[in-house]
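Since the structure comes first, as structure tokens, the remarks are kept for the end.
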Amino acid sequence: MATVAASPTYAGAEAGEHTGIWSWLTTVDHKRIGVLYLYTALFFFLFGGLEAVIMRAQLMKPNGTVVSAEMFNQLFTMHGTTMVFLAIMPLSAAFFNFLIPLQIGARDVAFPRLNAFSYWVYLFGGLFITLPIFFAAAPDGGWFGYAPLTTRQFSQGVNIDFWVLGLQILGISSLAAAFNFITTIVNLRAPGMNLMRMPMFTWMSFVVQFLIVLAFPVITIALFFLQFDRFFGTNFYEIGAGGDPLLWQHLFWIFGHPEVYILILPAFGLVSEVLPTNSKKPLFGYPVMVYSGILIGFLGFGVWAHHMFSVGMGPIADTVFGLTTLLIGIPTGVKIFNWIFTMWGGSIRFTTAMKFAIALVAMFTIGGISGVSHASPPADLQQTDTYYIVAHFHYVLFGGSIMGIFAGIYHYFPKMFGRMMSEKLGSWHFWLNFIAMNLTFFPMHFSGLLGMPRRIYTYDAGQGWDTFNKMSSYGAYLLVISTAIFVWNFFRSKSRGPVATDNPWDAATLEWSIPSPPPEYNFAEIPLVESRYPLWDLTHPERTSEIPHTHEGWSDQEKAADAKPVHIEKERRTAKELGIPMPLPTIKPLFVAAGIIIMLSGLIFLHLQNKTVAFSLIAVGAATIIGFLYAWVTSPLEEGH
Amino acid sequence: MSASPALDHIEAGPHGHHYTTTGLDSRKIAIWAFIGSECMLFASLISTYLIYKGRSVVGPFPHESCSPPLCAVPLRPILNIPVTSASTFVLLMSSLAMVLALAAVENRNLPKLTTGDRILGSSKLWLWATCILGATFLGFQSYEFTSFVHEGLSIRTNLFGSSFFTLTGFHGAHVTAGVIWLGTLLAIDYKRGLGPADAINVDIAALYWHFVDVVWIAIFTLVYLIR
Chain A
2 MATVAASPTY AGAEAGEHTG IWSWLTTVDH KRIGVLYLYT ALFFFLFGGL EAVIMRAQLM
62 KPNGTVVSAE MFNQLFTMHG TTMVFLAIMP LSAAFFNFLI PLQIGARDVA FPRLNAFSYW
122 VYLFGGLFIT LPIFFAAAPD GGWFGYAPLT TRQFSQGVNI DFWVLGLQIL GISSLAAAFN
182 FITTIVNLRA PGMNLMRMPM FTWMSFVVQF LIVLAFPVIT IALFFLQFDR FFGTNFYEIG
242 AGGDPLLWQH LFWIFGHPEV YILILPAFGL VSEVLPTNSK KPLFGYPVMV YSGILIGFLG
302 FGVWAHHMFS VGMGPIADTV FGLTTLLIGI PTGVKIFNWI FTMWGGSIRF TTAMKFAIAL
362 VAMFTIGGIS GVSHASPPAD LQQTDTYYIV AHFHYVLFGG SIMGIFAGIY HYFPKMFGRM
422 MSEKLGSWHF WLNFIAMNLT FFPMHFSGLL GMPRRIYTYD AGQGWDTFNK MSSYGAYLLV
482 ISTAIFVWNF FRSKSRGPVA TDNPWDAATL EWSIPSPPPE YNFAEIPLVE SRYPLWDLTH
542 PERTSEIPHT HEGWSDQEKA ADAKPVHIEK ERRTAKELGI PMPLPTIKPL FVAAGIIIML
602 SGLIFLHLQN KTVAFSLIAV GAATIIGFLY AWVTSPLEEG H
Chain B
39 MSASPALDHI EAGPHGHHYT TTGLDSRKIA IWAFIGSECM LFASLISTYL IYKGRSVVGP
99 FPHESCSPPL CAVPLRPILN IPVTSASTFV LLMSSLAMVL ALAAVENRNL PKLTTGDRIL
159 GSSKLWLWAT CILGATFLGF QSYEFTSFVH EGLSIRTNLF GSSFFTLTGF HGAHVTAGVI
219 WLGTLLAIDY KRGLGPADAI NVDIAALYWH FVDVVWIAIF TLVYLIR
């Protein structure tokens, strides 16, 4: 029976470990930062879901009267912006933070304070871009903000300014984190952990960080151009001055397409952890899984204009991008097959995480099939800007990213919080979620092909769309119920779930060799890694006998590094006892982040023609940034340095 | 600051630093990732400039003269290649000074026997030189910007003005940040001296500085030299 025993609360109730809200505000521990990302992102996921449910209430019947057209524009804009930038990316970031150092055998990321900074910038940026909806001033130009619609001439209000500045803020968060994780994965792997021994989640995350580094600067420039047009009267998107009406679209989608691979690859990585563990078999075709992930990332930069098939680029451009879009389906399809072959012949254990992982394989395939149909420019001319596209991307983003993330949450909850989630409630969540998701989005394939356009706030009866819309709206309401079950399960298990052991799933990778939740120092002794599945080498060597292992040939550096062969650590001690220097908690990253928000809020007031407030905010913000940044770079990371 | 506190408690590595997978300081890897993102930033700015080349509806123009009605008064091509060549040379020389500054910091503890050795070995001298040359480049840029505005080209005049000032303005902002960074290193050099232990910090600043210089080579070639 589940006891309400005192399990180690998150890094608390231990001698020498910190508790209380100040400890969370000043934390630089990657595990805590991961938990902060998780909570915040789940909150924004619910908020974005609420925005969707209101839209579905409006669209349930023809000529609905739940919201006005303008509010509907704000809802679909914020739903997209929230889900992409404030929910899915940060949910992935929660796992990057919590998991990457543990999977590579490190004690933290390369730059712990920069890591905390990324989180606070995300939180403040998310609030900055979300709060305007309570004043009916939310961004309303779509999550992709096409210029010239979003120029001052056609969008006079302050809505788009919130959008532009909010995205710039969120871009800072993602870029800083990307530099951090690239450095961490390149430089902080435990001895023996060569690249082809890294767990798949770390590999996919590694690819994602490069996508962020290369794609975000492009949208940064697109946004600067829009900002400059709106504030300083430049001509980038000014048709009258000869500006190209497609400049925004090209720049946005050169970012936007890699962005969707940023959204899906972490979920793929999580599935590649969950499926082998619950099939009791190594991942089928690990090298191919790595190469296909890299190829998806690389090819992802070559397909962007498939979002622009209807703008008149001409037959050569259309053909080239049609071909590259077809090509990118190949490495993705390879992954689907490899997951199936991983399960084939395995001993399947249907945990909730496993159910979500298998569902991703199926649902992403459906989304992928509609995706392949968009790759043909003539076919896409019928599909584009209809609900058929909405169906496609919700299958890959909800059926793909979100289900993969749910799989990750159920799988890693014990490691994060030291308790097990309820499998019974998990099963209810899964099945309701699976049915509801399909009920909501499958009908959209039909209403879309019957001509229902996107982003309309209402429609007339009798066009053949009524029943499909009704089904989608019922599906959305059912999603609310299934999500409520998840939230209930999450919080109840956190305080009263059965205490978790170090490796409840009998998994193979390093994060499962330490207590749940991990002590502040992660590993008492850095492990010396010999294979891809270090724990199965110890506990189930017959499973990994065919995978290359190294038993000799470490470099001199690695030999001298004083690491110990992989071992299970069950004892919880403190860093002080072990003589491990820990990074000092600090409030400075939070204040630098706050300074950035304050400064950019000043720009909003410039638009509102309130120069005094504007310049005061800009000055206060700049001073805060400079002051706390100076203190940050001149203070040591750890004691004794 | 240690190379990688996150792997603390493991010793070894050729420099007696903490263990890292590559043997390099983590900050060096991070600066390269940062430079990667900056490459895409400037690539977007330069691409936009090239796309908009020749498409301004009204003058002034970079390489062509302009007469009414496209300009208020007749104008020569507005870019001044000889003057900008001079400022380009100044920026290139600043990269040379940066190399010498880094060498001086790394070799601070070597004996300096001749006057030449002492000159080459003075990190303060070469950091000052880099800062002054960088600031001179910025002076040239300010002169160019203000004279363009006087001649009727502002950031809002036409596509050329918008894309030119934004591109070169972003570059100038990066140079400014670099000069401030180097000024900070100079201040530390005066306060406690910069020696081999600080070489990593000077190295990172140098990488940034050289990158900013390389970007200028690209801009100078594509904007000024190629018609």
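Chains A and B are the protein sequences, given in the same order.
Using our numbering, you'd call the opening residue of the first sequence number 2 and step up by one each time.
Using our numbering, you'd call the opening residue of the second sequence number 39 and step up by one each time.
The C-beta atom is built at its ideal place from N, Cα and C for all residues, glycine as well.
Looking only at DSSP bridge pairs, what is R420 of chain A linked to?
For R420 of chain A, which the question treats as bridged, DSSP gives the partners A:V500.
For P215 of chain A, decide whether its Cβ has a neighbour in chain B, counting only Cβ atoms nearer than 9 angstroms.
Note on residue identity: the sequence assigns Leu, not Pro, to residue 215 of chain A. Residue-level contact by beta carbon holds for L215 of chain A and chain B, with a gap shorter than 9 angstroms.
Identify every residue that forms a DSSP beta bridge with T387 of chain A.
A:P454
Strictly under 9 angstroms for the Cβ-Cβ distance: is R198 of chain A near chain B by that measure?
No, R198 of chain A lies away from the interface with chain B (no Cβ there is under 9 angstroms from its Cβ).
Would you verify that the beta carbon of V219 of chain A is, or is not, closer than 9 angstroms to some beta carbon of chain B?
yes
Please list the partners that V95 of chain B has in chain A, where partner means a Cβ-to-Cβ separation under 7 angstroms.
A242 and G243
G409 of chain A: buried (16+ other C-beta within 10 angstroms of its C-beta) or exposed?
buried
On a CA-only basis, which of B:A68, B:E76 and B:R65 is nearest F217 of chain A? Give me that one, please.
B:E76
Under the rule that 16 or more other beta-carbon atoms within 10 Å means buried, what is M445 of chain A, buried or exposed?
buried
Of the residues A:A139, A:I370 and A:I598, which one's Cα is nearest the Cα of V621 of chain A?
A:I598
Secondary structure at P520 of chain A, three-state DSSP: helix, strand or coil?
coil
Looking at the C-beta of P192 of chain A, does it have a partner C-beta in chain B at a distance below 9 angstroms?
yes
In angstroms with no decimal places, state the Cα-to-Cα distance between A71 of chain B and D241 of chain B.
If I take the Cα positions, the gap works out to 15 angstroms.
Have a look at A:M600, A:L579, A:E526 and A:H258 and flag the residue whose alpha-carbon is nearest the alpha-carbon of H568 of chain A.
A:E526
Within 9 angstroms (strictly less), CB to CB, does L248 of chain A reach chain B?
yes
Roughly how far, in whole angstroms, is the beta-carbon of G106 of chain A from the beta-carbon of F524 of chain A, given that I think they are within contact range, below 8 angstroms?
6 angstroms
Select from A:I220, A:L100 and A:F163 the residue whose C-alpha is nearest the C-alpha of M199 of chain A.
A:L100
Under a Cβ-count criterion, where at least 16 other Cβ atoms within 10 Å of its own Cβ denotes burial, should N1 of chain A be classed as buried or exposed?
No statement about residue 1 of chain A is possible, as the shown extent of chain A runs from 2 to 642 and does not include it.
Quick one: list the residues of chain A neighbouring R146 of chain B, beta-carbon separation under 8 angstroms, in chain order.
Under the 8 angstroms cutoff, chain A gives no residues; its nearest Cβ is about 21 angstroms from R146 of chain B.
Please report the straight-line C-alpha distance between I317 of chain A and G92 of chain B, rounded to a whole angstrom.
23 angstroms
Quick one: is T184 of chain A near chain B, going by C-beta distance under 9 angstroms?
For T184 of chain A, the answer is yes, since a Cβ of chain B falls inside 9 angstroms of its Cβ.
Using beta carbons (cut-off 9 angstroms, strictly below), is M78 of chain B in contact with chain A?
yes
9 angstroms is my cut-off, CB to CB: does V187 of chain A come that close to chain B?
yes
Answer yes or no: does any C-beta atom of chain B fall closer than 9 angstroms to that of G234 of chain A?
yes
In angstroms with no decimal places, state the Cα-to-Cα distance between L266 of chain A and F357 of chain A.
16 angstroms
Between A:T66, A:G35, A:M84 and A:A70, which lies nearest to A53 of chain A when the distance is taken from Cα to Cα?
A:M84
Please identify, using Cβ separations under 7 angstroms, the residues of the stretch 299 to 310 of chain A that lie next to chain B, in order along the chain.
none
In chain order, which continuous runs of the alpha helix (DSSP H) of length 4 or greater are located wholly inside the stretch 170 to 233 of chain A?
201 to 233
Could you confirm whether any beta carbon from chain A is found closer than 9 angstroms to the beta carbon of G154 of chain B?
no
Can at least three beta-carbon pairs, one atom from the stretch 148 to 155 of chain A and one from the stretch 219 to 234 of chain A, be found at a separation below 8 angstroms?
yes
List the residues of chain A whose Cβ lies closer than 8 angstroms to the Cβ of F72 of chain B, in chain order.
Within 8 angstroms Cβ-Cβ: F180.
Are there three or more Cβ pairs, one per stretch, closer than 8 angstroms when the stretch 176 to 194 of chain B is compared with the stretch 229 to 248 of chain A?
Taking one beta carbon from each stretch, the stretch 176 to 194 of chain B and the stretch 229 to 248 of chain A have 3 or more pairs nearer than 8 angstroms; the two touch.
So the candidates are B:T259, B:A256 and B:D227; which of them puts its Cα closest to the Cα of V144 of chain B?
The residue you asked about is not Val; residue 144 of chain B is Glu in the sequence shown. Comparing Cα positions, the closest option is B:D227.
Give the interface partners of L176 of chain A over in chain B, defined as CB-CB distance under 7 angstroms, in chain order.
S75
Does the distance from the C-beta atom of R350 of chain A to that of K281 of chain A stay below 9 angstroms?
For R350 of chain A and K281 of chain A, yes; Cβs fall inside 9 angstroms.
Please list the partners that L83 of chain B has in chain A, where partner means a Cβ-to-Cβ separation under 8 angstroms.
I222
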